Structures are given as C-alpha cells and as structure tokens.
Amino acid sequence: MTTESLIGSVERITFHQPDTGFCVLRIKVQGQREFVNLVGKLANVSVGESIQATGEWINNKSHGLQFNATECHVVAPTTQLGMEKYLASGAIKGIGPETAKALLLKFGEKIFDVIELEPDALLKIPGMGKKRRDLIVESWAEQKAIREIMTFLYSHGIGTTRAMRIFKKYGTQAIARISENPYYLALDIEGFGFASADQIAMRMGMSPHAMERAEAGIRHVLQAQANNGHCAMNKANLLAEAITILAIPEAIIEAALAQELLANHIKAELINTETCYYLANLFNAEKIVADHIKRLDQGKPKWGKLDLAELIPWVEQKTALELSESQKAAIKLALTHKLTIITGGPGVGKTTIINSILQILRAKELKIKLCAPTGRAAQRLTETTGIPAQTMHRLLGIMRGSDYSEYDQDHPLDVDFLVVDEMSMVDIILMSQLLPAIPSGAAVLLVGDSDQLPSVGPGAVLADLIASNVIPCMRLTEIFRQAATSQIIVNAHRINKGELPLKIVSDELNDFYFIEAKNPEIIHDKLLQVVLERIPNRFGFDPIDDIQVLTPMNRGPLGTRSLNIELQKRLNNNPATLTRYGTTFALGDKVIQTVNNYDKEIFNGDIGRIELLDEKLGKIMISYAGNSVEYSLTDLDEVSLAYAITIHKSQGSEYPVVVIPLSTQHYPMLERNLLYTAMTRGKKLVIVIGEARALQLAIARVRSTQRLTNLQARLQGS
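Sequential numbering from 255 applies to the sequence shown in the numbering used here.
Written out as structure tokens, the structure reads:
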C-alpha cells in the first residue's frame with residue numbers, strides 16, 4: 255500500500271467515539287466528485303471543519319473504498335459555506351442553524367476573529383444575550399484548545415493513540431505541561447517510556463546535560479529496577495546505569511541525585527551497610543506495611559479463647575474430613591493469633607484448613623471477608639470456600655487510574671476476620687493499600703505458596719514476612735493420600751526439593767509427562783503436534799478452551815509472540831480480523847487481559863474469547879466466562895493473544911491442561927520457582943516439552959536473583 259495525503263471538508267459524521275477518538279467521516283475532497291469515507295482518530299470533529307489526513311486507501315469488504323487515516327488533523331474551515339456548516343453543526347455551544355446564518359450574514363468570513371477578539375460584537379445579533387455570548391466564547395476557546403493541543407502533539411512525533419491518552423490526562427493544560435518538562439510524559443502516561451519522552455525533549459531543544467533530563471533519567475533507572483521486582487537499588491549500580499542511559503558526566507547525575515533527594519522524589523537508606531535508593535512511593539509503601547503489621551499484631555482476636563479440643567472434632571464431623579496433625583496445628587495457630595501465615599505447595603491441605611477455620615468462625619457470627627490479588631484467584635477462592643471472594647482492589651474500592659481508595663485508615667473495612675489468598679502474588683504497593691484499611695480489632699490469615707514466583711510488581715512481601723519471624727507461620731509439607739495419586743503434585747514437590755520428575759514407565763494415561771526434545775526447532779514442532787493433535791485425540795481436551803501453553807519468555811521462537819502467531823494460524827482461521835498495536839486479532843481468538851481495568855471489572859490474567867469485531871464502529875466484544883465486555887479499538891493495548899502466555903502471567907490461575915516448552919534459550923529465566931509455578935497451574939494434565947539440560951538447569955537454579963528490599967529489617971526493628 256502507498257501512503258497518501260488528503261485534504262477535505264467534513265460533510266457528515268457517520269460515527270465518533272469521544273473516549274477513543276475513533277471516527278468514520280464522509281468528506282468532500284477538492285477535485286473529487288464522490289464523497290470519501292474516511293476512518294481515523296480525532297479527539298474532536300464537527301461538520302464543516304477541514305481535515306488533513308495521511309494514510310492509505312483500502313477496499314473494505316463491507317463498506318467499499320475508504321481512506322484509512324494513520325494521522326488525522328482538524329483545522330477550522332476557511333470558506334463561508336464550510337463555516338456555516340461548522341457553526342450549524344452544534345460544535346460551538348449556543349449556535350444553531352439559524353444563528354449560524356445570522357452570524358455569517360453580519361460578519362462574513364471574519365466570524366471566527368469576531369468570536370475570539372471582539373466577543374461583544376456578537377450582542378448585535380437579534381436574540382443574543384450576554385449568557386449566550388459567554389457560552390459561545392467559552393465553547394470556541396475549548397474547541398480551539400483541543401485543535402492546538404493535537405497539532406502540538408502531532409508536530410512532536412506523537413501518534414494519534416498516544417496523543418489521545420495525553421489529552422485525556424492533561425486536558426487543556428497539555429501544551430503547558432509538556433513544554434514545562436516533557437519527561438512528565440514518562441511519569442504520567444501509561445505506556446510512555448523514557449526514550450520516547452527523551453526524543454520529544456531533544457526535538458524541543460533541551461540540552462542533553464539539562465538537570466531535568468538527569469533527574470528523569472534517575473527516576474527511569476529506579477522504575478526499571480522496580481519493574482524487575484526490586485524496591486531499591488544500590489548507589490554504584492544506579493550511577494552506572496544512569497551514565498549508560500544518559501551519556502552525561504557522573505557529576506551531573508550526582509547533582510541530579512541530590513536534587514531528587516531534596517525534592518523527596520527518591521529516598522536513601524542503608525541496606526546491609528550499603529547506601530540504596532528508592533522511589534519515594536516504594537520507600538513509603540515498605541514503611542506502611544511494616545507499621546501496620548505491627549499495629550495489627552497487637553491484642554487478641556475478637557472471638558476470644560476458643561475450646562479447640564471440642565471445636566476441631568466438631569468441624570471434622572461437619573466437613574466429613576479427618577484432619578491431620580499438621581492441619582489441626584495450623585487451625586489452632588490461626589484461631590489463637592491475630593496475624594497468621596499458612597504456606598505450602600499443592601496437595602498439602604491449605605483449602606481444607608481455610609474451610610475448617612471459616613466453619614468455626616461463621617458459627618460465631620463474625621464478619622468475614624475473603625480476597626485475592628487477581629480476579630481468577632478470587633474466583634477460585636469463591637469456588638473452594640463457597641463464600642464470595644473479591645479482588646483486593648475491589649475490596650478496597652480502588653478505581654482505575656486513581657490513587658483513591660474507598661477504604662483506608664480513616665475509613666476501615668467492616669470486618670472481623672480477613673483471608674488473603676495467593677499472597678505470593680501480592681506486591682508491596684498493594685499490601686500498603688490493604689493493611690491500613692484493616693481495623694485494629696480484626697484478625698488476618700495470609701495464605702500462599704512461598705516457593706512460587708514472587709509478585710510481578712516490586713517487593714517480596716510473603717517471603718519477607720516469613721523470613722522476619724514476626725508473624726506466626728505454619729509451613730505445610732505433608733502431601734495427602736488423594737493428592738499423592740497425582741503425578742502433577744508429586745513431581746511439583748520433587749522439583750521444589752531440587753529433584754528431577756519421576757519417569758513415566760506405564761502405558762496407562764497419566765497426568766504428567768516430560769517429552770524430551772533436543773533443540774528449539776524440535777520443541778516447537780512437538781509442541782504444535784501435542785496441542786493440535788495428541789492431547790485432543792488421546793485425552794479429549796479442547797485445544798483452545800482447555801489447553802494453555804505457558805512459556806518462560808515473550809521473545810524468541812518459543813516465546814509468546816511467535817507461538818501465538820503459529821497457534822492462531824492453526825486454531826482460528828476466521829477471516830474477520832483487525833490489526834492493532836502490531837497484533838492481528840480474529841473473531842473467536844483466545845485473548846488475555848494484561849492490566850487491571852476496574853471500570854470494566856476485568857483484571858490482569860483474565861482469559862476470554864473475542865465474540866464480536868466491528869472495525870467501522872470501533873467496537874470489540876470479548877466474553878470472559880460468559881460475561882461480555884465491550885472494548886474500543888484503543889483499548890486493545892490492554893489485550894494480547896492468549897494461546898500462549900508467560901508463566902508470570904499465569905500466576906493465580908488454573909487451567910485443565912498446561913503445556914510448557916523448556917529450552918536452554920530460556921536460560922535467563924530458568925529457575926526452580928518458575929518451573930514449579932508453571933507445573934502447579936495445571937489441574938488435570940501437565941506436559942513439559944524440552945531439552946533435558948534445560949530441565950536440569952531450571953531445577954538446579956534457586957532464586958538466582960534475590961529482590962532488594964528492606965521490609966524484613968523494618969519488621970524486625972523496634
């Protein structure tokens with residue numbers, strides 16, 4: 255396709271979605287007899303305005319020839335006819351068709367100058383009062399501001415999608431905000447990195463040695479460290495990384511570091527005798543968590559002293575289960591302390607313990623709440639307990655894109671006993687939001703598997719809490735008889751102890767297999783064969799709904815990007831497609847939500863199927879467990895194909911079948927807890943396809959990179 259430019263006036267707005275800017279317009283192009291259908295994105299558009307667009311002609315099967323605009327700008331109309339259409343369109347509040355004619359009759363093509371420079375002259379129009387004049391002037395200024403902002407952003411190389419995000423964030427202050435410091439973009443706008451902000455700053459003439467650039471570079475390095483799970487960074491590494499990225503003298507970076515400390519954007523603290531630096535929000539989060547753990551650990555549970563010698567046999571009778579000694583000990587621990595941790599792998603009876611505790615406390619008519627960090631984990635908790643569980647964000651009333659929580663220290667939750675499941679997934683920021691909202695009289699049970707991958711976000715909350723020894727903790731290791739028949743569970747525990755999985759010697763169907771393959775190409779081919787043929791034919795599982803490929807990385811031939819393209823090609827050849835953000839989505843595709851979206855009530859890790867694609871209307875419908883959710887085209891940056899996902903993305907979820915490719919190409923990611931986490935996601939069948947050497951490496955490497963935090967020391971301090 256050849257890129258072309260096009261200029262014309264808007265004759266009709268077929269469709270416009272203000273939230274995303276997506277629009278379908280009919281425009282009159284000079285020199286062309288027929289109207290042109292234009293599809294693009296504009297923050298604001300009105301009939302009569304002129305359009306300057308860059309894009310390409312496409313022949314849409316449903317709508318015929320149309321101009322698909324990749325860049326689109328609006329300018330005020332210049333002809334009297336265009337002016338009349340624009341004013342009559344309702345774009346300027348206070349002006350309708352009759353008033354538009356009267357204004358043009360009186361002022362002609364100078365009407366826009368009159369509105370802007372001589373607004374009192376509008377009072378000469380019959381029926382025009384001061385209130386209406388003020389409304390017209392205010393509306394004109396708003397429309398002009400939008401046009402100026404979008405033109406400013408386009409002129410600095412910012413595309414439509416990012417320009418829309420910036421406009422929605424800053425509104426009419428966008429130009430002033432970016433002109434003051436373009437690096438605000440990297441701090442304030444989701445998906446806008448330091449490199450992009452740096453390019454804009456250079457275009458605007460900022461010196462590479464500017465203090466604003468050095469300060470932003472330091473925060474960028476610390477944020478990158480946080481993205482890798484660390485709360486802090488030692489000084490030597492921080493300076494070295496900043497010098498590499500900024501390519502400026504160390505003296506300037508040292509000066510910027512001092513300024514950032516003075517402004518409280520970052521904090522310094524000794525960790526293991528080394529000076530380390532935090533982003534201020536992470537430093538504060540660690541302090542909040544430590545302070546509130548100590549607060550909540552004071553006093554006795556609301557239910558007082560219980561006769562556990564009587565209650566434990568009672569709960570065994572109620573549940574028709576015989577509890578082991580370790581389970582009884584865990585129940586006693588949780589019912590005699592205000593804060594308790596229960597940790598252990600699959601098949602050790604964590605769910606039985608939770609249900610037994612809930613049975614006892616529900617009989618006491620206490621206010622009980624259950625929560626987990628993700629929607630999938632909360633759904634599983636609901637299913638296993640029979641009590642509605644919420645995500646932690648939903649429990650706290652945290653809204654998307656806001657720091658506001660409905661519940662906090664001043665407005666605590668109405669709860670006597672709170673269960674937090676999947677604690678390994680909880681990062682330091684989320685924990686710092688939860689703990690202040692728990693009233694001092696409430697008891698808290700923290701449940702999780704400390705041997706799984708740590709949280710995606712910064713911190714190692716569960717591991718630090720356990721290591722501090724300030725909270726009573728029960729580590730469960732006994733695998734129960736029913737669970738011991740599952741090779742998934744048996745081999746997960748073997749791997750967790752540093753042992754190779756057992757070899758399958760029987761021809762009978764099993765629930766765990768390791769298929770050896772000598773190189774990535776063979777792994778790739780065997781994976782496709784297993785997913786497309788062997789599992790569906792031999793076990794009867796659906797390749798899309800039941801089978802989940804979990805891979806260590808996004809990139810490479812065995813990464814999510816490559817595998818999704820291959821699996822999509824073979825599993826879904828629906829011709830209804832659209833391409834956004836480098837991904838082609840097809841009707842019926844399996845997709846994953848990659849960020850929490852509280853407005854839509856869908857969360858990071860939720861997997862669904864595309865049930866409607868309408869590019870003309872800019873609408874996509876995705877079904878999540880029967881719940882249909884509407885997306886605009888710009889929302890698709892929150893969604894990825896999910897035939898294959900990373901192991902990190904699978905945390906807190908379970909799937910009927912899990913297939914795991916394992917290659918030495920994955921070396922940077924190969925760790926015991928990664929493989930262990932992947933294996934424990936499968937409920938009925940787990941198949942690992944890979945090199946024997948990669949399997950050995952993964953099992954041998956134990957947390958090769960410890961996260962740099964200071965929570966343990968804070969908890970142990972007085």
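Ideal Cβ placement from N, Cα and C applies to all residues, glycine included.
All figures in this text were calculated on a predicted structure; none of them were measured in a lab.
In terms of alpha-carbon separation, which member of T605, E762, V724 lies closest to G971?
V724
With distances taken from CA atoms, which of T805, L817, E892 is nearest R834?
E892
How about the region 783–803 and the region 903–919: do they share at least three Cβ pairs that are nearer than 8 Å?
yes
Beta-ladder partner(s) of Y767, from DSSP
I941
What residue does the beta strand (DSSP E) around P1056 start on, and which one ends it?
Since the first residue of the chain shown is 255 and the last is 972, residue 1056 is not available in this structure.
Can you look up K541 in the DSSP assignment and give me helix, strand or coil?
helix
Taking buried to mean at least 16 other C-beta atoms within 10 Å of its own C-beta, is R467 buried or exposed?
buried
With H, G and I counted as helix, E and B as strand and the rest as coil, what does DSSP make of L730?
strand
I720 to I611, Cα distance in whole Å?
21 Å
Only counting the same chain, and skipping five residues up and downstream in sequence, which positions put a Cβ closer than 6 Å to that of L635?
L624, A626, A643, D675
May I have the straight-line CA-CA distance separating A342 from Y438, to the nearest angstrom?
39 Å
Segments of 3+ residues assigned as beta strand (DSSP E) that fall wholly inside the region 617–657:
622–626, 643–645
DSSP three-state label for A840, please.
strand
Supposed contact pair G425 and P708 - C-beta distance, whole angstroms, cut 8 Å
The pair is not a contact, with the Cβ atoms about 38 Å apart (cut-off 8 Å).
Taking N609 and T590 to be in contact with their CB atoms under 8 Å, please state how far apart those CB atoms are, rounded to whole angstroms.
Not really, about 18 Å apart at Cβ, beyond 8 Å.
Taking 8 Å as the threshold, find out whether the region 900–909 comes into contact with the region 922–936 through three or more Cβ pairs.
yes
I need the DSSP call for S816, collapsed to helix, strand or coil.
helix
Helix, strand or coil: which one does DSSP assign to S252?
Beyond the ends of the chain as shown, which are 255 and 972, falls residue 252; an answer cannot be given.
Comparing alpha-carbon positions, which option in L756, E392, E325, L924 lies nearest I346?
E392
Chain D within 8 Å of D561, Cβ atoms only
Among the chains of the structure shown, chain D does not appear; only one protein chain is present.
In the DSSP assignment, what residue or residues form a beta bridge with S877?
R863, S882
For G971, three-class secondary structure by DSSP
coil
So, for L511: in the same chain, excluding its five sequence neighbours on each side, which residues have a beta-carbon less than 7 Å away from its beta-carbon?
I472
Where L357 and S877 are concerned, what is the direct C-alpha to C-alpha distance, given to the nearest angstrom?
51 Å
Option in A494, T498, N488 with minimal Cα separation from A522:
N488
To which residues does DSSP link H327 through a beta bridge?
Q306
How many whole angstroms separate the CB atoms of N858 and T628, which I take to be in contact at a CB cut-off of 8 Å?
6 Å
Going straight from the alpha carbon of G302 to that of F289, what length do you get?
14 Å
Starting from T573, follow the alpha helix (DSSP H) in both directions and report where the run begins and ends.
562–573
Throw me the rounded Cβ distance for the T918 and A948 pair, which I believe falls under 8 Å.
5 Å
Measure how close the beta-carbons of A697 and F671 come, nearest whole angstrom, since I'm counting them as under 8 Å.
5 Å
Rank T645, I682, E434 by C-alpha distance to the C-alpha of V673 and give the top, closest one.
T645
What's the C-alpha gap between Q960 and R457?
40 Å
Excluding the five sequence neighbours on either side, which residues of its own chain have a C-beta within less than 7 Å of the C-beta of A455, listed in chain order?
P436, Y437, R467
Which term fits Q286, buried or exposed, when burial requires 16 or more other beta carbons within 10 angstroms of its beta carbon?
exposed
So, does the region 400–410 touch the region 366–384, judging by three or more C-beta pairs under 8 Å?
no
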